[in-house]
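Protein sequences appear in the order of chains H and G. Start counting the first sequence at 166; every next residue gets the next number (our numbering). Start counting the second sequence at 277; every next residue gets the next number (our numbering).
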Amino acid sequence: MTQASSHQSSAAQMNAVARDSLVDTRIVLAYFSVSLTFMLIAMLAGLLFSLQFLQIYPFAGIEFFSPGRWRFIHTAGVAFGFIANAFLGALHWSVPRLTLKPVLDKRLSWFIFFAWQAIVLASVVGFLIGHAQAVEWGETPVWVDPVALLGLILVGINFLSPILKAPGPMYVTLWYFIAAFVWTVLVYAMGNFLPEYAVGGAASGALIGLYIHDLVGLFVTPIGWGLMYYFVPIILKKPIWSHGLSLVGFWGLAFFYPLNGIHHFLYSPIPMFLQYGAVISTIAVEFVVATVIINFFGTIRHKGDMLRTNLPIRWFYIGMVFYFTTCLQCAFQVTLTFQKIIHFSDWVVGHSHLVMFGVFGFWILGMITYLMPRLLGASGWYRPSWNAWHFWLSGIGLLVMFFDLTVAGLVQGFAWRGLALWEESVIASSPFWLLRMITGVAIIVGQLLFICNIVMTAIHKRTVEPTAEPSGTPAHGAAATT
Amino acid sequence: MFESKSGVFLIAGIGFFSLSFLVMGVLPWTMYLDQPELTVEEIAEQGILHEFVDLAERFPKQFEEQYPGGVTTASFAEALELGHKIYVGEACWHCHSQQVRPVSNEDLRWGPVSHAREYQNVLQRPVLFGTRRVGPDLAREGARRSNDWHVAHFFKPTIVAPTSVMPEYPWFYDEDGYPNKRGFAIITYVQWLGSWLVEYPYYQGEGPAGPTTDDAINQRRAGTQTKKKETDF
């Protein structure tokens, strides 16, 4: 706790120090802008693919619009275009503030920025010309992989430099960041090279399971939580509830999360004793997650009203509720009993949307909602009510999508087990696929409103009504309309 | 140690990751070291599929154009390799699995449960277990359908399966609607799947392991349902 408060006072001190020499707000803005662009592209790709399931694919028979290739763009676009870019932006904002040191080199930052966009675009081109690699979520073509790995190493060096230079004990956020920089490089190298060049067959399945899982657990999750430990106390103006629980949460995650990999291929030819091991450590993760959630809900105690009055806080905490939900779901769906029915079904698709959009997407959108006016130099939002619509369309759209796909998964799983004709399981799924498409449209409309709002705020930045600082004062603009 | 830079970097970052890599990655790896990984050439040398010959006979002119040497182990290997590349590049593996699990009556529907040994070849590097079954499992697809069926199906799945949500792949065909190089390759590849089993082929539902077409399964379902109930779930 002392660290959290010292960190806050250092943040105040920061404002006095020439801020520009520390934080390059232009690069944060640049990262957020491309992140939102890729988010929109990835979501549209998902929507396009969902039309295939309704037999109304608009570009049927055109090679470059082959639905499968656009599914790669959907998943990889979310991971590397949307989430990675937003995280890099947020790291550029938070790491120099936490360490009071600038990143290693600003020119390197911009080089990484452009290189990363080139990597993402090259992957998209690779998918479209049919060069995907058969590693789920690592479909980036083999000729992009070495460059992407190099990019990740440079990212690590650029940010580890200020962290290692900063004196004294580290705040929680930095534990997560340091570990994430190491993990991301190792995970990427493992998942993209070993199953391709070193080992095939069932053993490569184990590695791919580890990769899929670690990309969420050791790249997205630690940076996401690190940022939560940073932004939540700042906005709530209050330190994290328990330092001890922070420690348990971090070390528990670090130990158990990587041991889950094989749970992606239960009942596969991978040796059964390893499958059991993965099941047990997955259930252990659930307990660790509970400690983190308790810590954050302890933090917001007595300030719960801010869930209503402060939009970023609402994004963050709803994201945490979803995080707890997905992890609780994990503990059950990882059991062999559940696996009989739900594996290979839409249940899993619902689960992954809840994690990637409902948790990390929501956190990112909350951070962008919080930072964007500052980055643009505007005193508030052009239309706070659009941001509220953004929240509700995303939240309700996602929840309905999640329940829809979960039920669809059960219907499919039981139809298969009951030896129904394959056709029957497809027909039974079609109403669910229709609803899934509609919820997707709702989510995308929400994002469009948000993006329009950013553009309009940028255009009218001198004339927008000053909204209260998102610091919990009830006058916060977005709250007035919700 | 738990809050220091080196502690986080070395123990959590490197240490715990390495531990998981050893347990969840290297350990399963060592378990298959004794089983050699077949190359495409070795697969082809084990015997050319009847379906590949059938394609050559059915479309002599087009086949000759794509494979001037005719049916040889080399042309068979070439077709398998390209077929695999297409299977990966078109995300077939995001809609189809290649893994018959020992649960949920999957053996009744598709045939023998998948064994680790079946994946020890370069066409399973990286392995194509699959992640989602929008369409049926393909691990036992070989010879389950005729080449003619596949030719129609890949061109426009709804021709043979009106409710299908599988995409159409007209770029596997030339202007006259005959398979081109990619068409021959993907059909050869799906016809190869499962062909290594002794029970092969499963012609139109007459495989020794039991019926495999939807109609046949449906017929059999009436008879086996009561019996299966005790064993599953």
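Glycine residues also receive a C-beta, built at the ideal position from the N, C-alpha and C atoms. In this text, all values refer to a predicted model and were calculated from it rather than measured experimentally.
ask   = Taking Cβ positions only, does Ser471 of chain G come closer than 8 Å to chain H?
value = For Ser471 of chain G, not one C-beta of chain H is nearer than 8 Å to its own C-beta.
ask   = Do we get a CB-CB distance below 8 Å when we pair Pro443 of chain G with the residues of chain H?
value = Interface residue, yes.
Ala288 of chain G versus Pro388 of chain G - alpha carbon distance = Distance between the alpha carbons of Ala288 of chain G and Pro388 of chain G is about 43 Å.
request  = Would you kindly work out how many angstroms separate the C-alpha atoms of Phe489 of chain H and Phe396 of chain H, rounded to a whole number?
outcome  = About 19 Å.
request  = Label Tyr196 of chain H either buried or exposed according to how many other C-beta atoms from any shown protein chain fall within 10 Å of its C-beta, with 16 as the threshold for buried.
outcome  = Classified as buried, Tyr196 of chain H has 16 or more neighbouring CB atoms from the shown chains inside 10 Å of its CB.
ask   = So is Thr628 of chain H buried or exposed if we call it buried at 16+ other beta carbons inside 10 Å?
value = Within a 10 Å sphere around the beta-carbon of Thr628 of chain H sit fewer than 16 other beta-carbons, which makes this residue exposed.
ask   = Can you give the beta carbon distance from Gly254 of chain H to Ser326 of chain H, rounded, assuming they're within the 8 Å contact cut?
value = With 8 Å as the limit, Gly254 of chain H and Ser326 of chain H do not qualify as a contact, their Cβ atoms being about 18 Å apart.
Nearest neighbour of Met485 of chain H, chosen from H:Ala496, H:Met521, H:Phe503, H:Val514 [CA to CA] = Here the closest residue by C-alpha is H:Met521.
query = Do Gly389 of chain H and Tyr376 of chain H have their C-beta atoms closer together than 8 Å?
reply = No, Cβ-Cβ distance for Gly389 of chain H and Tyr376 of chain H is not below 8 Å.
query = Is Arg234 of chain H closer than 8 Å to Gly295 of chain H when the C-beta atoms are compared?
reply = If you check the CB distance, Gly295 of chain H and Arg234 of chain H come in under 8 Å.
request  = Give every residue of the same chain whose Cβ lies closer than 8 Å to the Cβ of Lys330 of chain H, excluding the five residues on either side of it in the sequence, and list them in chain order.
outcome  = Thr264, Lys266, listed in sequence order.
ask   = So, does the CB of Leu298 of chain G fall closer than 8 Å to a CB anywhere in chain H?
value = No, Leu298 of chain G does not count as interfacial toward chain H.
inquiry  = Here's the rule I'm using: 16 or more other beta-carbon atoms within 10 Å means buried, otherwise exposed. How should Ala363 of chain H be labelled?
reply    = Its Cβ having fewer than 16 others within 10 Å, Ala363 of chain H is exposed.
key: Segments assigned alpha helix (DSSP H), at least 4 residues, entirely inside the stretch 357 to 396 of chain H   = For the stretch 357 to 396 of chain H, whole alpha helix (DSSP H) runs of length 4 or above, ordered along the chain, are 366 to 379.
key: Boundaries (first-last residue) of the alpha helix (DSSP H) holding Ala255 of chain H   = For Ala255 of chain H, the uninterrupted alpha helix (DSSP H) run begins and ends at 249 to 264, by DSSP.
message = For the pair the stretch 305 to 317 of chain G and the stretch 392 to 409 of chain G, tell me if three or more CB-CB distances fall below 8 Å.
response = The stretch 305 to 317 of chain G vs the stretch 392 to 409 of chain G: in contact.
key: Those runs of the alpha helix (DSSP H) which lie wholly inside the stretch 418 to 480 of chain H and span at least 4 residues   = As far as the stretch 418 to 480 of chain H is concerned, its whole alpha helix (DSSP H) runs of at least 4 residues are 437 to 465, 471 to 474.
key: Contacting residues, own chain, Cβ-Cβ under 6 Å from Trp512 of chain H (five flanking each side not counted)   = Contacts found: Thr571, Gly574.
inquiry  = Please state whether the Cβ-Cβ distance between Leu293 of chain H and Phe224 of chain H is less than 8 Å.
reply    = Remark: C-beta atoms of Leu293 of chain H and Phe224 of chain H do not approach each other more closely than 8 Å.
query = For Pro596 of chain H, which of helix, strand or coil comes out of DSSP?
reply = Residue state for Pro596 of chain H is assigned as helix, using DSSP reduced to three classes.
key: Euclidean distance between Cα positions of Val300 of chain H and Gly365 of chain H   = Straight-line Cα distance between these residues: approximately 12 Å.
request  = Would you identify the three-state DSSP class for Tyr449 of chain G, choosing helix, strand or coil?
outcome  = In this structure, Tyr449 of chain G counts as strand in the three-state DSSP scheme.
ask   = Just the Cα atoms here: how many angstroms apart are Cys371 of chain G and Leu216 of chain H?
value = The straight-line gap from Cα to Cα measures roughly 15 Å.
ask   = What residues from chain H crowd round Trp425 of chain G, counting only those whose CB sits closer than 8 Å?
value = Using a Cβ-Cβ cut-off of 8 Å, Trp425 of chain G is close to nothing in chain H; its nearest Cβ partner there is about 15 Å away.
query = Any C-beta of chain H sitting closer than 8 Å to the C-beta of Glu279 of chain G?
reply = Yes - at least one Cβ of chain H is within 8 Å of the one on Glu279 of chain G.
key: Residue burial classification, Met277 of chain G (beta-carbon count within 10 angstroms, cutoff 16)   = Exposed: under 16 other Cβ atoms inside 10 Å.
ask   = Taking the DSSP output, what are the residues bridged to Pro455 of chain G?
value = Note: Pro455 of chain G sits in a beta bridge opposite G:Tyr449.
ask   = By how many angstroms is the C-alpha of Gly409 of chain H removed from the C-alpha of Lys403 of chain H?
value = Their Cα atoms are separated by approximately 16 Å.
task = Could you list which residues in chain H have their beta carbon closer than 9 Å to that of Asn381 of chain G, in chain order?
result = By Cβ distance, chain H contributes Trp581, Arg582, Gly583, Leu584.
request  = Going by CA-CA distance only, name the one from G:Pro378, G:Val329, G:Pro433, G:Pro304 that's closest to Ala419 of chain G.
outcome  = For the residues G:Pro378, G:Val329, G:Pro433, G:Pro304, the minimum Cα distance to Ala419 of chain G belongs to G:Val329.
task = Report yes if the C-beta distance between Phe509 of chain H and Arg408 of chain G is below 8 Å; otherwise report no.
result = Against a cut-off of 8 Å, the Cβ pair of Arg408 of chain G and Phe509 of chain H comes out as a contact.
task = Report yes if the C-beta distance between Ile400 of chain H and Ile478 of chain H is below 8 Å; otherwise report no.
result = Pairing Ile400 of chain H with Ile478 of chain H gives a Cβ-Cβ distance under 8 Å.
query = For the ligand NAP, is there a heavy atom less than 7 Å away from the beta-carbon of Leu541 of chain H?
reply = Ligands in the displayed structure: none, and consequently the ligand NAP is not present.
key: C-alpha distance - Ile206 of chain H paired with Phe245 of chain H, whole-angstrom precision   = Rounded to whole angstroms, Ile206 of chain H and Phe245 of chain H show a C-alpha spacing of 12 Å.
task = For the stretch 332 to 352 of chain G and the stretch 375 to 384 of chain G, state whether three or more C-beta atom pairs, one from each stretch, are separated by less than 8 Å.
result = The stretch 332 to 352 of chain G vs the stretch 375 to 384 of chain G: no contact.
message = Can you check whether the C-beta of Ala368 of chain H is within less than 8 Å of a C-beta belonging to chain G?
response = Closer than 8 Å to some Cβ of chain G, the Cβ of Ala368 of chain H qualifies, so yes.
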